[in-house]
Amino acid sequence: MRVIRNGFLSVLALGALAPEGHAQTTVAALECDFPLASTDDWNMAASTLQYYIDTAGGWKVGQDSFSFDGPTNVTIDGKDRVASLSIVISRQSGKATKTLSSGGKSLTVSGECKKMESTGRKF
Numbered sequence: 000m001r002v003i004r005n006g007f008l009s010v011l012a013l014g015a016l017a018p019e020g021h022a023q024t025t026v027a028a029l030e031c032d033f034p035l036a037s038t039d040d041w042n043m044a045a046s047t048l049q050y051y052i053d054t055a056g057g058w059k060v061g062q063d064s065f066s067f068d069g070p071t072n073v074t075i076d077g078k079d080r081v082a083s084l085s086i087v088i089s090r091q092s093g094k095a096t097k098t099l100s101s102g103g104k105s106l107t108v109s110g111e112c113k114k115m116e117s118t119g120r121k122f
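Each residue of the sequence shown is one higher than the one before, counting from 0 in numbering that gives the first Met the number 0.
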């Protein structure tokens with residue numbers, strides 16, 4: 000999964016080098032805002048993240064949502080660890096839920112995503 004912090008891209012088009020006659024793949028880029036979240040064990044800073052909805056990168060595209068489930072690297076208590084990351088983004092409302100899990104602990108935060116196009120906000 001590719002994430003750009005504090006960046007913004009409206010749409011990323013892949014396949015510019017596709018052989019002639021083959022369809023190009025368009026990959027949506029969503030900018031998501033998440034508030035500060037915490038539990039007794041973990042704290043997650045407020046952040047604005049850029050997600051590329053790319054099925055080759057592990058994203059699933061459904062009629063109602065975009066989702067990702069997979070491993071990610073996080074720093075917990077100053078140590079790099081592998082964690083499980085789950086993200087679900089509603090295509091209708093742009094509401095997002097992100098859950099990080101590691102070592103039997105988890106933290107879930109809800110936020111909002113938007114995809115900017117020349118015609119405005121669209122999901």
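Where is the CB? At the ideal position from N, CA and C, for every residue including glycine.
Task: T38 - DSSP class collapsed to helix/strand/coil - done: The sequence position of residue 38 within the sequence shown is 39, counting from 1. Coil at T38, not helix or strand.
Open item on the list: On a Cα-Cα basis, can you pick out the residue from A55, G69, S100 and S66 that is closest to I75?
Closed with: Working through the sequence shown from its first residue, we reach residue 75 at position 76. Of the candidates A55, G69, S100 and S66, the one whose C-alpha sits nearest the C-alpha of I75 is S100.
TODO: For A44, collect the residues of the same chain with a Cβ closer than 8 Å to its Cβ; drop the 5 residues on either side in sequence, then sort them by chain order.
DONE: Locating residue 44 in the sequence shown gives position 45, where the first residue counts as 1. These residues qualify, in order along the chain: L35.
Open item on the list: Rounding to the nearest angstrom, what Cα-Cα distance links K113 and C31 in this structure?
Closed with: The residue labelled residue 113 in the question sits at position 114 within the sequence shown. The residue labelled residue 31 in the question sits at position 32 within the sequence shown. Put simply, the backbone Cα of K113 is about 6 Å away from that of C31.
Open item on the list: For A95 and G61, I'd like the C-alpha separation in whole angstroms.
Closed with: For the purposes of this step, residue 95 is taken as the residue at position 96 of the sequence shown. For the purposes of this step, residue 61 is taken as the residue at position 62 of the sequence shown. Rounded to whole angstroms, the gap between the alpha carbons of A95 and G61 is 14 Å.
TODO: Under the assumption that L84 contacts Y50 (Cβ atoms under 8 Å), give the Cβ distance between them as a whole number of angstroms.
DONE: By one-based count along the sequence shown, residue 84 stands at place 85. By one-based count along the sequence shown, residue 50 stands at place 51. Not quite, the Cβ-Cβ distance comes to about 11 Å (not below 8 Å), so this is no contact.
- [ ] Can you give me the start and stop residues for the beta strand (DSSP E) that D79 sits inside?
- [x] For this step, residue 79 is matched to residue 80 along the sequence shown. Element bounds for D79: K78 to S89.
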